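Numbering (our numbering), first residue to last: 102 to 889. Every residue, glycine too, gets a C-beta built ideally from N, C-alpha and C. Note that this is a predicted model, so its numbers are computed, not measured.
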């Protein structure tokens with residue numbers, strides 16, 4: 102290790118330095134390098150309708166002319182056409198909505214604008230951008246959960262440019278529409294930033310929140326134009342139309358300049374065999390003297406921390422994206438420790454950033470990053486979206502983020518100041534990441550995924566209709582807005598349940614309080630993390646994750662400091678913790694059961710059946726393992742007593758006749774391990790063809806399921822009512838399972854490893870698993886199923 106350099110390394114030099122960390126005998130961790138050359142931009146004159154004051158303010162900020170795509174989208178919006186701009190990261194999408202929105206505010210003193218952001222960080226960034234223009238009478242302001250109570254009335258009465266998020270629109274603005282009457286009456290534009298993030302169940306909820314917004318605006322006499330900004334995605338106009346319920350025109354030709362990007366795919370090296378053995382769930386317990394543990398690769402978190410350390414020492418401003426809140430804390434903590442060992446005090450220039458921090462902590466970190474005080478930051482995807490991070494030289498992506506859209510968003514954070522950029526995808530030891538780093542064409546040769554959402558999901562539609570009825574009685578005309586026949590059927594069911602009542606003027610909400618509807622499907626109020634000795638609030642964790650992250654005995658990281666959970670009170674939504682620096686981490690284990698409710702569609706392929714339908718899933722976290730930080734060794738397993746969670750959702754599953762498996766060489770004693778391994782790999786590869794994360798889905802395999810009476814593998818959506826992922830898997834089952842088979846068969850291990858069939862979320866400790874027989878199972882399925 103050396104002292105921090107005075108001149109930052111360029112992408113090529115930094116990549117060479119990172120590559121040189123290995124030994125001469127190790128294979129290169131870089132499996133592929135993609136070079137994307139720089140691109141010149143194409144400008145166009147300011148549209149003639151641009152307000153002179155707005156134009157002058159933008160020019161003063163260094164924007165002398167818009168890019169062609171900015172002007173095209175802005176002009177469509179000015180003409181009243183709903184438009185989505187789907188161009189690359191750092192392509193200046195903000196100007197496309199600023200031009201028409203700010204010009205409208207300048208020419209019409211009564212006009213208002215509503216801006217919706219999926220994250221508070223992005224809203225704060227956009228507030229700074231609009232406020233910097235210094236335009237008279239705009240009075241931009243955020244209205245979110247961080248806005249003090251005394252400030253909220255000022256925003257309602259005075260701000261003409263309100264920046265908020267779907268949650269606040271849903272929980273506060275629409276239910277309290279009478280207090281926002283003046284604002285809604287004058288609403289000219291609705292801006293939906295980073296609209297590609299609204300997918301799955303959350304996206305389906307947001308789609309109905311936007312329909313409620315349109316309905317409320319119409320009641321107050323306005324019909325705003327919608328302007329949507331999206332990352333490059335498949336069918337942006339179709340996705341925007343599904344989200345808003347409106348016809349939307351797309352602009353996709355990107356005329357902005359782009360810095361040259363060097364994009365490397367990186368596979369961490371294998372651990373030495375003794376460490377690999379210690380990393381097994383139950384080291385030393387094999388009955389066979391010939392037992393050899395599967396090859397285990399170095400942790401992607403450890404690899405990312407070491408690379409971030411080298412980048413900071415090299416003076417390279419670097420952002421590391423990590424999949425989880427805990428992972429971001431771990432990477433930041435390890436990096437700070439390594440830096441302080443090399444250069445005392447240098448660790449202070451690295452921090453973690455994630456959701457759940459208090460507002461003042463988030464803003465302080467954002468300022469430090471913008472000013473250059475921080476050289477390195479480990480972040481969740483909270484900083485993936487839109488935020489202008491000027492001067493970043495490199496991005497490290499610890500694990501494939503689930504979609505190509507997110508991958509390119511994260512990679513695009515580097516080089517935003519116009520310089521050359523480096524992006525490195527560091528593979529986790531799992532089937533999907535391993536597949537991708539060895540199949541670069543799956544990343545660089547494919548278009549970005551289309552956004553999946555389903556507003557007709559009954560577990561979304563019903564609650565949202567209750568919300569709409571609580572704001573104003575639902576009429577027959579309203580039902581068309583919310584989905585026509587599906588909405589009419591849902592309303593009838595709500596009437597029968599007593600949630601709504603039919604009167605001559607419409608359907609009324611029958612209860613005194615407002616409907617309790619969670620847009621993000623986290624299952625309850627966020628759990629507060631409180632230091633027991635001081636009463637200090639450290640942050641929050643969503644209710645759905647609390648069973649895994651905040652169970653009694655769990656290690657919880659906050660800004661690099663370790664805490665151990667003393668007690669989790671789910672009823673009061675509070676976890677009490679104490680500060681401790683154990684030499685172990687914790688990993689929760691759960692048990693899942695599943696029953697089939699109905700079959701929506703199926704393919705009869707002789708010995709193989711492929712099904713899509715509704716299922717009931719029960720899940721319970723029953724224990725947790727303590728694992729040594731240094732080696733991954735399992736110290737012990739401790740029981741937990743947490744409530745069972747129930748879920749009705751949508752699943753895809755396949756059955757195979759026992760006779761077909763036996764004929765292919767899979768004996769009945771091998772059924773459990775073969776099916777279990779195929780299930781794990783199938784879950785791991787599903788994000789390749791659906792816009793999901795492996796943590797959005799679950800699975801179950803059994804040698805004989807009670808509802809099918811045959812060997813069966815289930816993969817289900819982890820959200821009430823489904824999120825569209827199982828439907829996608831069913832639609833392209835052959836493509837999905839072929840990729841799954843290839844991922845298993847091409848893995849260099851002999852008996853199965855995290856790169857192919859082992860799963861980090863397995864409730865059974867990855868036992869039993871049979872890699873070779875899993876390939877046979879998939880061969881039987883693929884040989885029977887039609888190609889399409």
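* Asked: Can you name, in chain order, every residue of its own chain whose Cβ lies under 6 Å from the Cβ of residue 408, other than the five neighbours on each side?
  -> Here residue 408 refers to the residue found at position 307 when the chain shown is read from its first residue. Cβ neighbours of residue 408 beyond the five flanking positions: 119, 497.
* To do: Under 7 Å Cβ to Cβ from residue 652, same chain only, skipping five residues before and after it: list those, please.
  => Walking along the chain shown from the start, residue 652 turns up at place 551. These residues qualify, in order along the chain: 666, 669, 689, 722, 725, 741, 743.
* **Per-residue DSSP class, three states only, for residue 384** => On the chain shown, residue 384 is found 283 positions in, with the first residue counted as 1. For residue 384, the predicted structure reports a pLDDT of 42, less than 50, and the residue's modelled location is therefore unreliable. A value from the coordinates is still provided. Coil, per DSSP.
* Exposed unless 16 or more other CB atoms sit within 10 angstroms - verdict on residue 474 -> If you number the chain shown from 1, residue 474 lands on position 373. Under this definition residue 474 is an exposed residue.
* When the Cβ atoms of the segment 549-569 are set against those of the segment 819-838, are three or more pairs found closer than 8 Å? -> yes
* Write down every uninterrupted run of the beta strand (DSSP E) in the segment 701-758 whose length is 3 residues or greater and which is fully enclosed by it, in chain order. => 709-729, 735-740, 746-757
* Quick one: what's got a C-beta closer than 7 Å to residue 166's C-beta in the same chain, skipping five residues either side? -> In the chain shown, the residue the question calls residue 166 occupies position 65. Cβ neighbours of residue 166 beyond the five flanking positions: 144, 145, 146, 147.
* **Straight-line Cα distance separating residue 796 from residue 530** => On the chain shown, residue 530 is found 429 positions in, with the first residue counted as 1. On the chain shown, residue 796 is found 695 positions in, with the first residue counted as 1. For residue 530 and residue 796, the distance between alpha carbons rounds to 15 Å.
* With distances taken between CB atoms, is the gap from residue 223 to residue 294 smaller than 9 Å? -> Stepping through the chain shown from its first residue, residue 223 is reached at position 122. Stepping through the chain shown from its first residue, residue 294 is reached at position 193. It is a contact, given that the beta carbons lie within the stated cut-off.
* Asked: In the DSSP assignment, what residue or residues form a beta bridge with residue 609?
  -> For this step, residue 609 is matched to residue 508 along the chain shown. In DSSP, residue 609 forms a bridge with 602.
* Asked: Below 9 Å between beta carbons: does that hold for residue 287 and residue 323?
  -> As a first step, residue 287 is located in the chain shown; it is residue number 186 there, counting from the start. As a first step, residue 323 is located in the chain shown; it is residue number 222 there, counting from the start. Contact flag set, yes.
* Sequence-distant residues of its chain with Cβ nearer than 8 Å to residue 808 (five each side left out) -> Against the chain shown, residue 808 aligns to sequence position 707. Cβ within range, chain order: 696, 697.
* Counting pairs of Cβ atoms below 8 Å between the segment 239-249 and the segment 259-278, do you hit three or more? -> yes
* Any idea which residues DSSP pairs residue 458 with across the strands? -> Start at 1 with the first residue of the chain shown, and residue 458 comes out as number 357. Answer by DSSP bridge pairing: none, since residue 458 is not bridged.
* Measure the Cβ-Cβ separation of residue 536 and residue 843 and say whether it is below 9 Å. => Translated into positions along the chain shown, residue 536 becomes position 435. Translated into positions along the chain shown, residue 843 becomes position 742. Closer than 9 Å, so yes.
* Under a three-way DSSP split, which group does residue 430 fall into? -> Taking the first residue of the chain shown as position 1, residue 430 is located at position 329. Helix, per DSSP.
* Asked: How would you write the range of the beta strand (DSSP E) that residue 241 sits in, first residue to last?
  -> Residue 241 sits at position 140 when you count from the first residue of the chain shown. Per DSSP, residue 241 belongs to the beta strand (DSSP E) from 241-243.
* Asked: CB-CB under 7 Å to residue 389, same chain, minus the five flanking residues each way: which ones, in chain order?
  -> Translated into positions along the chain shown, residue 389 becomes position 288. Because the pLDDT at residue 389 is just 40, under 50, the model does not fix this residue reliably, and the point stays unresolved.
* Asked: Where does residue 811 fall in DSSP's three states?
  -> Against the chain shown, residue 811 aligns to sequence position 710. The answer is coil: DSSP assigns residue 811 none of H, G, I, E or B.
* Segments of 3+ residues assigned as beta strand (DSSP E) that fall wholly inside the segment 341-378 -> 350-352, 362-367
* Supposed close pair residue 481, residue 423 - CB separation, criterion 8 Å -> Here residue 481 refers to the residue found at position 380 when the chain shown is read from its first residue. Here residue 423 refers to the residue found at position 322 when the chain shown is read from its first residue. The pair is a contact, with the Cβ atoms about 6 Å apart (cut-off 8 Å).
* Asked: Which residues in the same chain as residue 348 place their Cβ atom closer than 8 Å to its Cβ, once the five residues preceding and following it in sequence are excluded?
  -> Residue numbering aside, residue 348 sits at position 247 when the chain shown is read from its first letter. Excluding residues within five positions, the ones whose Cβ falls inside 8 Å are 183, 342.
* Check whether the Cβ atoms of residue 303 and residue 512 sit closer than 9 Å, and answer yes or no. => Position 202 of the chain shown, counted from the start, is the residue given in the question as residue 303. Position 411 of the chain shown, counted from the start, is the residue given in the question as residue 512. No, they are not a contact pair.
* Check whether the Cβ atoms of residue 359 and residue 191 lie closer than 9 Å to each other. => The residue you call residue 359 lines up with position 258 of the chain shown. The residue you call residue 191 lines up with position 90 of the chain shown. A contact, by the Cβ cut-off of 9 Å.
* To do: Just grab the DSSP bridge partners of residue 328 for me.
  => Within the chain shown, numbered from 1, the residue matching residue 328 stands at position 227. Partner(s): 184, 292.
* Name the DSSP beta bridge partners of residue 860, please? -> Counting from 1 along the chain shown, the entry for residue 860 is found at position 759. According to DSSP, which records beta bridges pairwise, residue 860 is partnered with nothing at all.
* Minimum C-alpha distance to residue 455 - residue among 465, 447, 284 -> In the chain shown, the residue the question calls residue 455 occupies position 354. Per the Cα distances, 465.
* Boundaries (first-last residue) of the beta strand (DSSP E) holding residue 659 -> Within the chain shown, numbered from 1, the residue matching residue 659 stands at position 558. Unbroken beta strand (DSSP E) run through residue 659: 656-659.
* Within 9 Å, strictly: CB atoms of residue 775 and residue 874 -> Mapped onto the chain shown, residue 775 falls at position 674. Mapped onto the chain shown, residue 874 falls at position 773. Contact: yes.
* Complete runs of the beta strand (DSSP E) confined to the segment 637-690 [at least 3 residues] -> 638-642, 656-659, 662-670, 675-680
* Hey, residue 448 and residue 438: beta-carbon distance below 9 Å or not? -> Counting from 1 along the chain shown, the entry for residue 448 is found at position 347. Counting from 1 along the chain shown, the entry for residue 438 is found at position 337. For residue 448 and residue 438, yes; Cβs fall inside 9 Å.
* Could you name the residues of the same chain whose beta carbon sits closer than 7 Å to that of residue 729, not counting the 5 residues immediately before and after it, in chain order? => The residue you call residue 729 lines up with position 628 of the chain shown. Contacts found: 684, 685, 736.
* **residue 405 - containing alpha helix (DSSP H), residue span** => Mapped onto the chain shown, residue 405 falls at position 304. Residue 405 -> alpha helix (DSSP H) spans 401-414.
* Could you spell out where the beta strand (DSSP E) holding residue 263 opens and where it closes? => Looking up residue 263 in the chain shown gives position 162. Start and end: 262-265.
* To do: To the nearest angstrom, report how far apart residue 657 and residue 632 are at their CA atoms.
  => Reading the chain shown from its first residue, position 556 is the one you call residue 657. Reading the chain shown from its first residue, position 531 is the one you call residue 632. Looking at the two C-alpha atoms, the distance is approximately 11 Å.
* Asked: Comparing alpha-carbon positions, which option in 771, 493, 645, 153 lies nearest residue 745?
  -> In the chain shown, residue 745 corresponds to position 644, counting from 1. Of the listed residues, the one whose Cα sits closest to residue 745 is 645.
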